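Colleague: Here it is, the structure in full.
2 protein chains.
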Amino acid sequence: MNDIDQKILNYLQANGRLSIKKLSEALFITAPAVSQRIKKLEENGYIKSYNANLDLTKIGLNIKAFIQLEVGPDRKPEFYKYIKAIPNVLECDCITGPYSMLLKTVFESTQDLDDLVTELHRFGSTNTQIVFSTPVQDRGYYIE
Amino acid sequence: MNDIDQKILNYLQANGRLSIKKLSEALFITAPAVSQRIKKLEENGYIKSYNANLDLTKIGLNIKAFIQLEVGPDRKPEFYKYIKAIPNVLECDCITGPYSMLLKTVFESTQDLDDLVTELHRFGSTNTQIVFSTPVQDRGYYIE
DNA sequence: TATGAAACCGTCCACGT
DNA sequence: ACGTGGACGGTTTCATA
């Protein structure tokens, strides 16, 4: 990981479909050199994936909410398997504090949100916060 | 937005660098047709961006934490400007409940986390939860 | 949306540093 | 170990219908 690799990572975080050619021009090295570096960054696990980022409200998912959930340590394996299968859950983190799980979720309606929360109660108590707005969208980390 | 567009969005969410050729083969239409569809999806705002997803622990950002913060309504503009300039904040949501903001953050050490929390206190009281593990990584929404 | 042609881009290889 | 330049093969785009 040197200076050029960091720049590649910054560029690709900002635009995951940037062509090798464009990168080679921005970095003043040739295309094969860029190609090799990216390959290594992928192989060494620096780059986990490339993703298109959608505007979910455009496909009717207008409700975004964070749900905190109490899950006993013994029920974690069961819970993980369950939660991975629910498409509305975009992220799930195991955290410190009285609620052990934090879920980031999206729904078409508050009714759908309510349905999931009701389901989740079989694992433990919940605490739900609905999102009004997102001043900082999930973004990359600029490396310097 | 028809069936083919949905499939394109699903494919690109899973692999943002998928070539037009590969997509055209998967969808049984020609490459120019795919190209035009993607262009429209971008223009109409369905696709907001393409991003490389990094393993942040690989670059020393081992601490991930959610910080809840009380911000008075009158100080929101000031807060938004401030928070956008901090690279450690990957996401910021304005939410319901006693704490009006939820921040997703990453740091090299708990010391750095402590420093930011101390800074944030000029806006209001905070509540911090450190992440132990992330069973569901920030993922796309599979459209059906 | 399909077709073919042209332009473009990415990869491979041999070589040099 | 890393970068370069040329050549090849594959991909995207354009014009046309």
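One line per chain: the protein sequences are W and X, in this order. Sequential numbering of the first sequence, starting at 1, is according to the UniProt record's numbering. Sequential numbering of the second sequence, starting at 1, is according to the UniProt record's numbering. Cβ atoms here follow ideal geometry from the backbone N, Cα and C, with glycine treated the same way. These numbers come from a predicted model, not from an experiment.
Take W:F79 and list the residues in its own chain whose beta-carbon comes closer than 8 Å to its own, dropping the five residues that flank it on each side.
Modeller: Excluding residues within five positions, the ones whose Cβ falls inside 8 Å are V71, M101, F123.
Colleague: Against W:L56, what residues of chain X qualify as contacts under a CB-to-CB distance less than 8 Å, listed in chain order?
Modeller: Those are Y141, listed as they occur along chain X.
Colleague: Report the residue from X:L41, X:Q6, X:G45 whose alpha carbon sits nearest the alpha carbon of X:A26.
Modeller: Residue X:Q6 is the option with its Cα nearest to X:A26.
Colleague: Residues of the region 78 to 92 of chain X in Cβ contact with chain W at a cutoff of 7 Å, in chain order, please.
Modeller: The residues in question are Y80, I83, K84, P87, V89, L90, E91, C92.
Colleague: Which term fits W:G16, buried or exposed, when burial requires 16 or more other beta carbons within 10 angstroms of its beta carbon?
Modeller: Classification for W:G16: buried.
Colleague: Kindly confirm or deny that the region 124 to 134 of chain W and the region 107 to 118 of chain X touch, where touching means at least three C-beta pairs closer than 8 Å.
Modeller: Output reads no: the region 107 to 118 of chain X does not touch the region 124 to 134 of chain W.
Colleague: Could you tell me if X:I29 is buried or exposed, where buried requires 16 or more neighbouring beta carbons within 10 angstroms of its beta carbon?
Modeller: Looking at its Cβ environment, which holds fewer than 16 other Cβ atoms inside 10 Å, X:I29 is exposed.
Colleague: Since residue 157 of chain W and W:L120 are thought to touch, with beta carbons under 8 Å apart, how far apart are those beta carbons, to the nearest angstrom?
Modeller: Lying outside 1 to 144, the shown extent of chain W, residue 157 of chain W is not represented and no answer is given.
Colleague: Any Cβ of chain X within less than 8 Å of the Cβ of W:D74?
Modeller: Chain X, which has no Cβ nearer than 8 Å to the Cβ of W:D74, makes this no.
Colleague: Going by the CB atoms, is the gap between W:I95 and W:V89 shorter than 8 Å?
Modeller: The answer is no: Cβ separation not under 8 Å.
Colleague: When the cut-off is 8 Å and only beta carbons count, does X:I20 lie next to chain W?
Modeller: It does not: the Cβ of X:I20 has no partner Cβ on chain W nearer than 8 Å.
Colleague: How far does the beta strand (DSSP E) with W:D93 in it extend, from its first residue to its last?
Modeller: 89 to 95 is the span of the beta strand (DSSP E), which, as asked, contains W:D93.
Colleague: Classify X:N2 as helix, strand or coil using the three-state DSSP reduction.
Modeller: Three-state DSSP puts X:N2 in coil, outside helix and strand.
Colleague: Run the CB neighbour count on X:F66, radius 10 Å, all protein chains shown included, and call it buried at 16 or more, exposed below.
Modeller: It counts as buried.
Colleague: Can you have a look at X:D37 and say buried or exposed, based on whether 16 or more other CB atoms are within 10 angstroms of its CB?
Modeller: Residue identity check: residue 37 of chain X is Arg in the sequence provided, not Asp. X:R37 comes out buried.
Colleague: Can you pull the chain X residues whose beta carbon is under 9 Å from the beta carbon of W:P32, in chain order?
Modeller: Here the premise fails: no neighbours, minimum Cβ distance about 18 Å.
Colleague: Do X:Y50 and W:A31 have their beta-carbon atoms positioned less than 8 Å apart in this structure?
Modeller: No, the pair does not count as a contact, with Cβ atoms beyond the cut-off.
Colleague: Contact defined as beta carbons within less than 8 Å: I believe W:L113 pairs with W:I63. What is the distance between those atoms, to the nearest angstrom?
Modeller: Contact flag correct, Cβ pair sits at about 6 Å.
Colleague: For X:L9, I'd like the list of residues in its chain whose CB is within less than 8 Å of its CB, leaving aside the five on either flank, ordered along the chain.
Modeller: Correct list, in chain order: L41, Y46, I47, I143.
Colleague: Compare the C-beta of X:D114 against all C-beta atoms of chain W and say whether one is closer than 8 Å.
Modeller: Cβ-Cβ to chain W under 8 Å: no for X:D114.
Colleague: Might you give, ordered along the chain, the residues of its own chain that have their beta carbon closer than 6 Å to the beta carbon of W:I130, omitting 5 neighbours on each side?
Modeller: Closer than 6 Å at the Cβ level, and outside the excluded window around W:I130, lie A65.
Colleague: In the structure shown, what three-state DSSP assignment does W:N10 receive?
Modeller: Note: W:N10 maps to helix in three-state DSSP.
Colleague: Please say whether X:L61 and W:Y11 have beta carbons closer to each other than 8 Å?
Modeller: Cβ distance not < 8 Å, so W:Y11 and X:L61 don't count as in contact.
Colleague: Please report the distance separating the alpha-carbon of W:T134 from that of X:L103.
Modeller: Between W:T134 and X:L103, the C-alpha separation is close to 10 Å.
Colleague: Check whether the Cβ atoms of X:V34 and W:E91 sit closer than 8 Å, and answer yes or no.
Modeller: No, the pair does not count as a contact, with Cβ atoms beyond the cut-off.
Colleague: Run through the DSSP bridge pairs and tell me what W:L69 is partnered with.
Modeller: Bridge partners of W:L69: W:M101, W:T126.
Colleague: Check the C-beta distance from X:D138 over to W:D138 and give it rounded, since I have them as a contact under 8 Å.
Modeller: Yes, X:D138 and W:D138 are in contact; Cβ-Cβ is about 6 Å, under 8 Å.
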